[in-house]
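>
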Amino acid sequence: MKNSVWHYKFWKKKLNELPVDVDLNTAWSEMQSILDKDLPLADFPKGRTPVKTFTGKIVSMLGYILPVAAMIVGITYFTIKSSKKEKPSITKHINKNSLLKVPDTLMDSDSVKDILSSNVTNSANTNQAIAYTTSNGIDTDEDPISSQISSNNPDNTEIIKTLPDLSNQQLSRSTDRGEIYSNAPGSTIQNTGFFTLNTRMASLSAYKKWNEKEETPYKKTGSRKSVKIKQRREIYTPKYNYSVEAGLNVYKSNQNIFLGANATYAINKRLLLNTGLRLSFANALEGSYTHPNYNLKDSASKENLIILDQRKLTTADIPLGLEYKISNRISIKAGPVISLLLSKGIEGSKLSTVKNPLDTIFNSKKINDALSRSTINKLNIGFSGGLNIRLKQFNIEAGYRQNLKPYKVSSDLGSYKKEFRTFQIGIGYNFK
24 MKNSVWHYKF WKKKLNELPV DVDLNTAWSE MQSILDKDLP LADFPKGRTP
74 VKTFTGKIVS MLGYILPVAA MIVGITYFTI KSSKKEKPSI TKHINKNSLL
124 KVPDTLMDSD SVKDILSSNV TNSANTNQAI AYTTSNGIDT DEDPISSQIS
174 SNNPDNTEII KTLPDLSNQQ LSRSTDRGEI YSNAPGSTIQ NTGFFTLNTR
224 MASLSAYKKW NEKEETPYKK TGSRKSVKIK QRREIYTPKY NYSVEAGLNV
274 YKSNQNIFLG ANATYAINKR LLLNTGLRLS FANALEGSYT HPNYNLKDSA
324 SKENLIILDQ RKLTTADIPL GLEYKISNRI SIKAGPVISL LLSKGIEGSK
374 LSTVKNPLDT IFNSKKINDA LSRSTINKLN IGFSGGLNIR LKQFNIEAGY
424 RQNLKPYKVS SDLGSYKKEF RTFQIGIGYN FK
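Quick note, the sequence shown lines up with residues 24 to 455 if you use the numbering used here.
See the structure below:
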């Protein structure tokens with residue numbers, strides 16, 4: 024209250040109405056000393072927002088980050104779910120008998136029947152020929168059975184020796200069946216065709232027994248080995264692509280939105296060139312600086328004047344970057360950013376609370392003119408980098424941006440510098 028200019032004018036008016044002849048400044052100084060003694064009031068700076076606590080800043084940031092994160096998770100979930108339904112994986116089942124190849128010597132029942140009928144016919148013809156040659160007195164010392172074995176099927180003896188679960192009883196019963204072959208003297212060759220047939224039947228019987236023993240434990244367990252064949256998808260990259268985007272700049276307690284459009288040129292299927300235009304609204308810029316006061320000679324104190332500055336900047340950012348595609352969905356990019364200042368905002372610089380009004384009462388116009396002509400650098404160069412995730416036609420981008428040089432606000436009374444950095448989260452739509 025004691026530093027108010029209005030109270031000073033009110034004091035001057037009332038003092039002039041009194042019939043007292045005293046010096047105005049001396050009387051006001053005495054009044055100030057009385058007020059300081061009896062009414063000590065703390066000076067609260069005007070126009071300053073209360074400082075948020077660390078917890079308050081975290082809560083404020085979560086209010087912006089959580090909705091964006093929820094939207095990203097929702098889009099990712101539904102996109103992956105739909106892609107699984109549209110593109111089922113190809114599965115090829117392989118069991119233990121898939122590679123087992125049946126030898127050509129093993130035949131089914133139809134083949135055995137054909138061989139049986141053909142051997143019966145051949146045996147009858149052979150018996151007639153032998154009977155004819157015997158009646159004519161032609162004698163040979165050659166054993167027809169051994170000759171037939173060695174000429175027609177030389178490997179039968181070795182096959183019989185190596186066959187599992189094969190008994191002599193089967194062979195003896197088979198060779199003694201007189202209803203098919205004649206047992207007359209001189210017709211020993213009748214067993215030759217049957218011997219070949221019996222060998223094949225024994226081989227088939229042994230193979231079936233071995234196969235049943237091998238498959239029995241496998242059928243009991245019921246387990247099946249499956250191998251999933253993953254097909255590697257080729258990276259698809261159009262030669263040209265265009266997109267629009269919207270997102271949020273977040274840094275400490277400051278949050279603001281941005282809108283933009285981008286163009287992409289593919290050098291090859293993995294390396295791309297990016298450029299575009301991004302408008303950022305209400306970028307907060309705050310700072311302060313001091314200036315020597317305009318003290319009167321008899322002023323009680325000599326403290327510097329404090330100028331407070333607060334603005335909301337609107338900028339146009341032009342990114343020039345390289346993008347590398349790790350896969351069809353994930354890519355990383357980085358590059359320089361050119362930032363142009365479009366608007367300094369409605370707010371600006373103003374004088375802080377003055378302890379002694381006499382220091383500024385006669386220089387208010389000069390101070391206001393100086394503050395109204397405050398300037399700020401309109402061109403800035405920075406860099407940015409981030410991660411891009413593509414889901415069909417949409418993409419989610421998260422990155423970091425910082426200016427190489429700080430913003431500088433200056434006037435005839437002084438200047439200050441402020442660094443600019445921010446985290447960016449955005450969602451875009453690709454036309455290709």
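Each residue gets a CB set at the ideal place from its N, CA and C atoms; glycine is no exception. The structure presented is a predicted model; accordingly, all values stated were derived computationally and were not measured.
Starting from asparagine 391, trace the alpha helix (DSSP H) in both directions and tell me its first and last residue.
Residue mapping note: residue 391 aligns to position 368 of the sequence shown, counting from 1. Counting along the chain, the alpha helix (DSSP H) containing asparagine 391 begins and ends at 387-395.
> With 16 other CB atoms within 10 Å as the buried threshold, where does glycine 409 fall?
Walking along the sequence shown from the start, residue 409 turns up at place 386. Classification for glycine 409: buried.
> State the Cα-Cα distance for the pair leucine 414 and lysine 275, rounded to the nearest angstrom.
Position 391 of the sequence shown, counting from 1, holds the residue named residue 414. Position 252 of the sequence shown, counting from 1, holds the residue named residue 275. One C-alpha to the other measures close to 30 Å.
> Does proline 342 pass the burial test, meaning 16 or more other C-beta atoms within 10 Å, or should it be called exposed?
The residue you call residue 342 lines up with position 319 of the sequence shown. Classification for proline 342: buried.
> Touching or not, the region 353-366 and the region 384-392, by the rule of three or more beta carbon pairs under 8 Å?
no
> Once DSSP output is grouped into helix, strand and coil, what is the label at glycine 160?
Indexing the sequence shown from 1 puts residue 160 at position 137. Note that glycine 160 scores 43 on pLDDT, short of 50, meaning its location in the model is unreliable and no value can be drawn from it.
> In terms of residues, what are the limits of the beta strand (DSSP E) holding valine 377?
Working through the sequence shown from its first residue, we reach residue 377 at position 354. Here valine 377 belongs to no beta strand (DSSP E), and DSSP marks it neither H nor E.
> Let me confirm a value: leucine 328 is counted as buried when at least 16 other C-beta atoms fall within 10 Å, else exposed. Which label applies?
The count along the sequence shown starts at 1 and reaches residue 328 at position 305. By the neighbour-count rule (16 or more Cβ atoms within 10 Å), leucine 328 is buried.
> Check each candidate in Gly299, Leu427, Asp392 and Ile369 and name the one with the smallest Cα separation from tyrosine 265.
Start at 1 with the first residue of the sequence shown, and residue 265 comes out as number 242. Comparing Cα positions, the closest option is Gly299.
> In terms of residue numbering, what span does the beta strand (DSSP E) encompassing lysine 348 cover?
As a first step, residue 348 is located in the sequence shown; it is residue number 325 there, counting from the start. From DSSP, the beta strand (DSSP E) with lysine 348 extends over 328-348.
> With distances taken between CB atoms, is the gap from glycine 344 to asparagine 297 smaller than 8 Å?
As a position in the sequence shown, residue 344 is number 321, starting the count at 1. As a position in the sequence shown, residue 297 is number 274, starting the count at 1. Cβ distance < 8 Å, so glycine 344 and asparagine 297 count as in contact.
> Can you tell which of Ile103, Gln278 and Asp435 has its C-alpha closest to the C-alpha of leucine 308?
Taking the first residue of the sequence shown as position 1, residue 308 is located at position 285. Minimum Cα distance to leucine 308 is reached at Gln278.
> Count the other CB atoms within 10 Å of the CB of lysine 356; is the residue buried (16 or more) or exposed (fewer)?
Position 333 of the sequence shown, counted from the first residue, corresponds to residue 356. Buried.
> If you measure between the beta carbons of valine 432 and glycine 310, is that distance less than 8 Å?
Walking along the sequence shown from the start, residue 432 turns up at place 409. Walking along the sequence shown from the start, residue 310 turns up at place 287. Yes, the Cβ-Cβ distance between valine 432 and glycine 310 is below 8 Å.
> Tell me the rounded alpha-carbon separation between lysine 441 and phenylalanine 304.
Position 418 of the sequence shown, counting from 1, holds the residue named residue 441. Position 281 of the sequence shown, counting from 1, holds the residue named residue 304. Computed Cα separation, rounded: 18 Å.
> By how many angstroms is the C-alpha of phenylalanine 33 removed from the C-alpha of serine 397?
The residue labelled residue 397 in the question sits at position 374 within the sequence shown. The residue labelled residue 33 in the question sits at position 10 within the sequence shown. In a straight line, the C-alpha of serine 397 is about 33 Å away from that of phenylalanine 33.
> Is it buried or exposed for glutamine 416, if we count other Cβ within 10 angstroms and need 16 for buried?
The residue you call residue 416 lines up with position 393 of the sequence shown. Exposed.
> Apart from the five residues on each side of it in sequence, which residues of its chain come closer than 7 Å, Cβ to Cβ, to serine 393?
As a working mapping, residue 393 is identified with position 370 in the sequence shown. Here the sequence assigns alanine to residue 393, which means serine is not the residue at that position. Sequence-distant Cβ neighbours of alanine 393 in its own chain, meaning closer than 7 Å and more than five residues away, are Ser434, Asp435 and Leu436.
> Would glutamate 420 pass as a contact of asparagine 411 if the rule is Cβ separation under 8 Å?
Reading the sequence shown from its first residue, position 397 is the one you call residue 420. Reading the sequence shown from its first residue, position 388 is the one you call residue 411. Going by C-beta atoms, glutamate 420 is nearer than 8 Å to asparagine 411.
> Let me know the secondary structure DSSP gives arginine 71 once reduced to three states.
What you label residue 71 is simply residue 48 of the sequence shown in a count that begins at 1. Legend: pLDDT at arginine 71 = 48, less than 50; position of this residue unreliable, no value from coordinates given.
> My assumption, with CB atoms under 8 Å, is that serine 395 sits in contact with isoleucine 330. Please give the rounded CB distance.
Indexing the sequence shown from 1 puts residue 395 at position 372. Indexing the sequence shown from 1 puts residue 330 at position 307. The pair is not a contact, with the Cβ atoms about 12 Å apart (cut-off 8 Å).
> Take threonine 102 and list the residues in its own chain whose beta-carbon comes closer than 7 Å to its own, dropping the five residues that flank it on each side.
Taking the first residue of the sequence shown as 1, we reach residue 102 at position 79. Answer for threonine 102: Leu414 and Lys415, listed in chain order.
> When you compare each of Arg293, Gly283 and Tyr100 to glutamate 257 by their alpha carbons, which one comes out closest?
Locating residue 257 in the sequence shown gives position 234, counting from the first residue. Arg293 is the residue among Arg293, Gly283 and Tyr100 whose C-alpha sits nearest the C-alpha of glutamate 257.
> In terms of alpha-carbon separation, which member of Asn316, Arg301 and Met54 lies closest to lysine 378?
Locating residue 378 in the sequence shown gives position 355, counting from the first residue. Measuring from the Cα of lysine 378, the nearest candidate turns out to be Asn316.
> Bridge partners of valine 360, per DSSP?
For the purposes of this step, residue 360 is identified with residue 337 of the sequence shown, where counting begins at 1. DSSP output for valine 360 lists Pro342 and Gly405 as bridge partner(s).
> Measuring CA to CA, which of Phe443, Gly449, Tyr100 and Thr260 is closest to lysine 348?
Taking the sequence shown and counting its residues from 1, one reaches residue 348 at position 325. Its Cα nearest to that of lysine 348, the residue Thr260 stands out among Phe443, Gly449, Tyr100 and Thr260.
> Return the first residue and the last residue of the beta strand (DSSP E) that threonine 298 is part of.
To locate residue 298, count along the sequence shown from 1; it is residue 275. First-last of the beta strand (DSSP E) with threonine 298: 294-314.
> Taking all protein chains shown into account, do 16 or more other C-beta atoms lie within 10 angstroms of the C-beta of isoleucine 390, making it buried, or fewer, making it exposed?
The residue labelled residue 390 in the question sits at position 367 within the sequence shown. Flag for isoleucine 390 reads buried.
> Does the distance from the C-beta atom of glycine 422 to that of alanine 269 stay below 8 Å?
The residue you call residue 422 lines up with position 399 of the sequence shown. The residue you call residue 269 lines up with position 246 of the sequence shown. Contact flag unset, no.
> Output the distance between the C-alpha atoms of tyrosine 452 and threonine 313, rounded to the nearest integer angstrom.
Numbered from its first residue, the sequence shown carries residue 452 at position 429. Numbered from its first residue, the sequence shown carries residue 313 at position 290. Distance between the alpha carbons of tyrosine 452 and threonine 313 is about 48 Å.
> My output table needs one value for glutamate 370: the three-state DSSP class, helix, strand or coil.
Locating residue 370 in the sequence shown gives position 347, where the first residue counts as 1. Coil, per DSSP.
> Starting from glutamate 420, follow its DSSP beta bridges and name the residues at the other end.
If you number the sequence shown from 1, residue 420 lands on position 397. DSSP, once it has assigned bridges, lists Asn411 and Gly449 as partnering glutamate 420.
> Spatial neighbours of isoleucine 353 within its chain, please: C-beta separation below 7 Å, excluding the five flanking residues on both sides.
Position 330 of the sequence shown, counting from 1, holds the residue named residue 353. For isoleucine 353, where only same-chain residues beyond five positions count, the Cβ hits under 7 Å are Ile412.
> Taking the alpha carbon of leucine 374 as the point to measure from, which residue in Asp332, Asn285, Lys401 and Glu346 has its own alpha carbon closest?
Counting from one through the sequence shown, the residue named residue 374 turns up at place 351. Ranking Asp332, Asn285, Lys401 and Glu346 by Cα distance to leucine 374 puts Asp332 first.
> Across which residues does DSSP place threonine 398 in a beta bridge pair?
What you label residue 398 is simply residue 375 of the sequence shown in a count that begins at 1. Ser433.
> May I ask you to report which of helix, strand or coil DSSP gives phenylalanine 454?
Start at 1 with the first residue of the sequence shown, and residue 454 comes out as number 431. Three-state result, phenylalanine 454: coil.
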